[in-house]
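Chains A and H, in that order, give the protein sequences.
Counting in our numbering, the first sequence runs from 64 upward without gaps.
Counting in our numbering, the second sequence runs from 381 upward without gaps.
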Amino acid sequence: GGDVTIANEYFKVVFDGSNGQMKTIANIESGITLPVMQQMFWYNASMGNNISLQKSGAYVFRPNSSTPFHCTQDGKIELEVLQGDTPLVQEVVQKFSDWAWQVVRLYSGMRYIEAEWTIGPIPFDDGYGKEIISRFYFPLQTNGEFYTDANGREILKRKKNFRPTWTLNQSEPVAGNYYPVNSRIYTNDTKTQFTILTDRSQGGSSLFNGTLELMMHRRLFGDDAKGVGEPLNETGQFDDGLIARGKHFILVDSLSDAAKHHRLLAEEIYMSPLVSFYANVSTNDRRS
Amino acid sequence: AKTGTVSSQKLREAMGVAQHHDAVSGTEKQHVANDYAKRLYKGREVCKAVISTAVMGNPDDLHFCDYLNITLCDFTQKTDEFTVVVYNPLARNIPTYVRLPVSDDSGTFTVKDKLTGMYVGSQIVPVTQPTLLVRRNKGNADSELVFKADNIPPLGFSEFSVIKSNFSDVYKKTNNKGFHRRVR
Numbered sequence: 064g065g066d067v068t069i070a071n072e073y074f075k076v077v078f079d080g081s082n083g084q085m086k087t088i089a090n091i092e093s094g095i096t097l098p099v100m101q102q103m104f105w106y107n108a109s110m111g112n113n114i115s116l117q118k119s120g121a122y123v124f125r126p127n128s129s130t131p132f133h134c135t136q137d138g139k140i141e142l143e144v145l146q147g148d149t150p151l152v153q154e155v156v157q158k159f160s161d162w163a164w165q166v167v168r169l170y171s172g173m174r175y176i177e178a179e180w181t182i183g184p185i186p187f188d189d190g191y192g193k194e195i196i197s198r199f200y201f202p203l204q205t206n207g208e209f210y211t212d213a214n215g216r217e218i219l220k221r222k223k224n225f226r227p228t229w230t231l232n233q234s235e236p237v238a239g240n241y242y243p244v245n246s247r248i249y250t251n252d253t254k255t256q257f258t259i260l261t262d263r264s265q266g267g268s269s270l271f272n273g274t275l276e277l278m279m280h281r282r283l284f285g286d287d288a289k290g291v292g293e294p295l296n297e298t299g300q301f302d303d304g305l306i307a308r309g310k311h312f313i314l315v316d317s318l319s320d321a322a323k324h325h326r327l328l329a330e331e332i333y334m335s336p337l338v339s340f341y342a343n344v345s346t347n348d349r350r351s
Numbered sequence: 381a382k383t384g385t386v387s388s389q390k391l392r393e394a395m396g397v398a399q400h401h402d403a404v405s406g407t408e409k410q411h412v413a414n415d416y417a418k419r420l421y422k423g424r425e426v427c428k429a430v431i432s433t434a435v436m437g438n439p440d441d442l443h444f445c446d447y448l449n450i451t452l453c454d455f456t457q458k459t460d461e462f463t464v465v466v467y468n469p470l471a472r473n474i475p476t477y478v479r480l481p482v483s484d485d486s487g488t489f490t491v492k493d494k495l496t497g498m499y500v501g502s503q504i505v506p507v508t509q510p511t512l513l514v515r516r517n518k519g520n521a522d523s524e525l526v527f528k529a530d531n532i533p534p535l536g537f538s539e540f541s542v543i544k545s546n547f548s549d550v551y552k553k554t555n556n557k558g559f560h561r562r563v564r
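Quick look at the structure:
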């Protein structure tokens, strides 16, 4: 019932004990405390409608409604503190549903919050194609503006329902505002920045002020007719659907510190150390 | 070139094929995706021998665990004394956390930096439920050994010795000065 807190030298994350959701993130160095809520949702993939026969597929993301469904049954998340006040790593397990999980970690001496998501097998017996997202809410006045990297290179400013070189007639309120996220997505107000680094290319957006969302996994039953010729419906080794696992690295920083921190962290993530092993036998010890 | 058959060429070729826009964007058919994965897998396997030759002087001495993300590694589970090699591809010192699948059956683990001889603090973390789900029926590691590999040198590697002991061994080691220091 009580709130759950994990903390290291740099961040403190509080989870609401009543519903299992993330509640606040505090940056201890900069003194920023930001109320943060996170939920996992799924968009119902379009199979075409009266306006357009376009289906959601490998090339085209097109939900049939702007309103996503909760991955949880009742909005509540089961919470388990796996490692509480321990010296090296603190972990909280969040169960959104039988097929949507997250482990939030804080490592001692590391300036980031790690959220390891595990999604799948995405259920399909209701016949709906599902596109699973993680959405963060935080009270920043972001004016519909957010930033994504372009193929891991230049970071570009994105603005909701806007294109810089032509007048946009926005006909797809969700898909028309989704952008590729190859390494990071962030948004800010005049003082604070909320940044998420991804471990793989994903789609992402900020559909409302003070939100960021990333698509983690999809399972579809239609083809978008752009050449693939088959739906995105990997069944995996056990024929019940693929399980995907990845990480989001979350930073809440002052605007002046944000770039320094996310750029250095990105180097460490995208050129991460390689781990290998050898047995301690006598010849190997001599080499050592 | 010196070692003849050990070469990164196979991975270079697989990466070349994977520059096709369908591979980059993931818009290929499923059987083509499977083929890309197979090519990359074969390239990686050969490159492991390249790395092993560079580090150990022998293509087969170094072990790699491809499924550390789902806490699956036969080598770390079944070997009582082994060395972890952590290579840093960046041009600056970095810290990183290493997580190794282990079976926490009445034993304890000591981790030592092989260069300095100093003991390194470590922690045993139980495997999470989502890991058990994603792992399905593979592997039986019930814990992860977590330790911080600090100051990995730029474009170089650090080595950490991991020793699994049963509790009676640990009791004997408490007379060891270094072990005492770590406990404090």
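Even for Gly, the Cβ is constructed at its ideal location relative to N, Cα and C.
Burial state of residue i, where buried means 16 or more other Cβ atoms lie within 10 Å
{"i": "A:Phe301", "result": "exposed"}
{"i": "A:Arg216", "result": "exposed"}
{"i": "A:Val76", "result": "buried"}
{"i": "H:His401", "result": "exposed"}
{"i": "H:Ala403", "result": "buried"}
{"i": "H:Asp454", "result": "exposed"}
{"i": "A:Met334", "result": "exposed"}
{"i": "H:Met498", "result": "exposed"}
{"i": "A:Glu293", "result": "exposed"}
{"i": "H:Val563", "result": "Low confidence applies here, because H:Val563 scores a pLDDT of 36, under 50, leaving its location unreliable; read the following figure in that light. By the neighbour-count rule (16 or more Cβ atoms within 10 Å), H:Val563 is not buried but exposed."}
{"i": "H:Leu391", "result": "buried"}
{"i": "A:Ile91", "result": "exposed"}
{"i": "A:Pro227", "result": "exposed"}
{"i": "A:Val344", "result": "exposed"}
{"i": "H:Arg472", "result": "exposed"}
{"i": "A:Asn240", "result": "buried"}
{"i": "A:Asp316", "result": "buried"}
{"i": "A:Tyr249", "result": "buried"}
{"i": "A:Asn224", "result": "exposed"}
{"i": "A:Ile114", "result": "exposed"}
{"i": "A:Ser339", "result": "buried"}
{"i": "A:Ser17", "result": "Only positions 64 to 351 of chain A appear in the structure, and residue 17 of chain A is not among them; the question remains open."}
{"i": "A:Ser246", "result": "buried"}
{"i": "H:Val482", "result": "buried"}
Residue range of the unbroken alpha helix (DSSP H) whose run includes residue i
{"i": "H:His401", "result": "401-405"}
{"i": "H:Pro351", "result": "Absent from the structure is residue 351 of chain H, since the part of chain H shown begins at 381 and ends at 564."}
{"i": "A:Glu330", "result": "318-333"}
{"i": "H:Lys390", "result": "389-397"}
Residue i: first and last residue of the uninterrupted beta strand (DSSP E) it sits in
{"i": "H:Ser541", "result": "536-546"}
{"i": "H:Gln457", "result": "Looking at the DSSP string, H:Gln457 is not in any beta strand (DSSP E); the run it does join, the alpha helix (DSSP H), is 454-458."}
{"i": "A:Tyr210", "result": "208-212"}
{"i": "A:Asp88", "result": "It is Ile, not Asp, that sits at residue 88 of chain A in the sequence shown. Segment 85-90, the beta strand (DSSP E) holding A:Ile88."}
{"i": "A:Ala108", "result": "Counting along the chain, A:Ala108 falls outside any beta strand (DSSP E), and DSSP gives it neither H nor E."}
{"i": "A:Ile196", "result": "193-200"}
{"i": "A:Met279", "result": "274-282"}
{"i": "A:Thr181", "result": "176-182"}
{"i": "A:Lys222", "result": "218-222"}
{"i": "A:Gln153", "result": "152-160"}
{"i": "A:Ala78", "result": "First, the residue type needs correcting, since residue 78 of chain A is Phe and not Ala in the sequence shown. Its beta strand (DSSP E) spans residues 74-78."}
{"i": "A:Tyr341", "result": "337-342"}
{"i": "A:Thr68", "result": "67-70"}
Near the ligand FMN: residue i beta-carbon under 7 Å from a heavy atom
{"i": "H:Leu495", "result": "Of ligands this structure carries none, so the ligand FMN is not represented either."}
Which full runs of the beta strand (DSSP E) of 3+ residues lie inside the region 236-267 of chain A, going along the chain? 242-244, 247-251, 255-261
Using a beta-carbon distance cut-off of less than 7 Å, what residues from the region 408-428 of chain H approach chain A? Lys409, Gln410
Hey, is the region 415-430 of chain H in contact with the region 320-332 of chain A, meaning 3+ C-beta pairs nearer than 8 Å? no
Any C-beta of chain A within less than 7 Å: which residues of the region 453-469 of chain H qualify? Phe455, Thr456, Thr459, Glu461, Phe462, Thr463, Val464, Val465, Val466, Tyr467, Asn468, Pro469
Tell me, please, whether the region 206-221 of chain A touches the region 284-294 of chain A by the rule of three or more beta-carbon pairs shorter than 8 Å. no
Select from the region 116-142 of chain A all residues with a C-beta closer than 7 Å to any C-beta belonging to chain H, and list them in chain order. Ala121, Tyr122
Minimum length 3: unbroken beta strand (DSSP E) runs contained in the region 509-537 of chain H: 523-532
Taking only beta carbons into account, state which residues of the region 141-162 of chain A come closer than 8 Å to chain H, listed in chain order. Glu143, Leu145, Gln146, Thr149, Pro150, Leu151, Val152, Glu154, Val156, Lys158
Count the CB pairs spanning the region 175-195 of chain A and the region 216-234 of chain A that are closer than 8 Å, and state whether there are at least three. no
At a CB distance below 7 Å, what residues from the region 470-497 of chain H approach chain A? Give them in sequence order. Leu470, Ile474, Pro475, Thr476, Tyr477, Val478, Lys494
Going along the chain, which residues of the region 325-338 of chain A sit with their C-beta nearer than 8 Å to a C-beta in chain H? Glu330, Glu331, Met334, Ser335, Pro336, Leu337, Val338
Identify each residue in the region 537-548 of chain H for which the Cβ-Cβ distance to at least one residue of chain A is less than 7 Å, and report them in chain order. Glu539, Ser541
If the cut-off is 8 Å on Cβ atoms, which residues from the region 306-327 of chain A count as contacting chain H, listed in chain order? Ile306, Arg308
Beta strand (DSSP E) runs wholly inside the region 451-507 of chain H, at least 3 long, in chain order: 461-468, 474-482, 487-493, 502-506
Residues of the region 251-266 of chain A whose Cβ lies closer than 9 Å to any Cβ of chain H, in chain order: Ser264
Any 3 or more C-beta pairs closer than 8 Å across the region 516-532 of chain H and the region 437-446 of chain H: no
Runs of 3 residues minimum, wholly inside the region 96-144 of chain A: which ones carry the beta strand (DSSP E) assignment? 100-107
Stretch pair the region 99-113 of chain A + the region 190-203 of chain A: three plus CB contacts closer than 8 Å: yes
Select from the region 501-517 of chain H all residues with a C-beta closer than 8 Å to any C-beta belonging to chain A, and list them in chain order. Gly501, Ser502, Gln503, Val505, Pro506, Thr508, Gln509, Pro510, Thr511, Leu513, Val514, Arg516
At a CB distance below 8 Å, what residues from the region 166-177 of chain A approach chain H? Give them in sequence order. Val166, Tyr170, Ser171, Gly172, Met173
Which residues, in chain order, does the region 271-299 of chain A contribute to contact with chain H at a C-beta distance below 8 Å? Lys289, Gly290, Val291, Gly292, Glu293, Glu297
Pairing CB atoms from the region 302-316 of chain A with CB atoms from the region 161-181 of chain A, are three or more of them under 8 Å? yes
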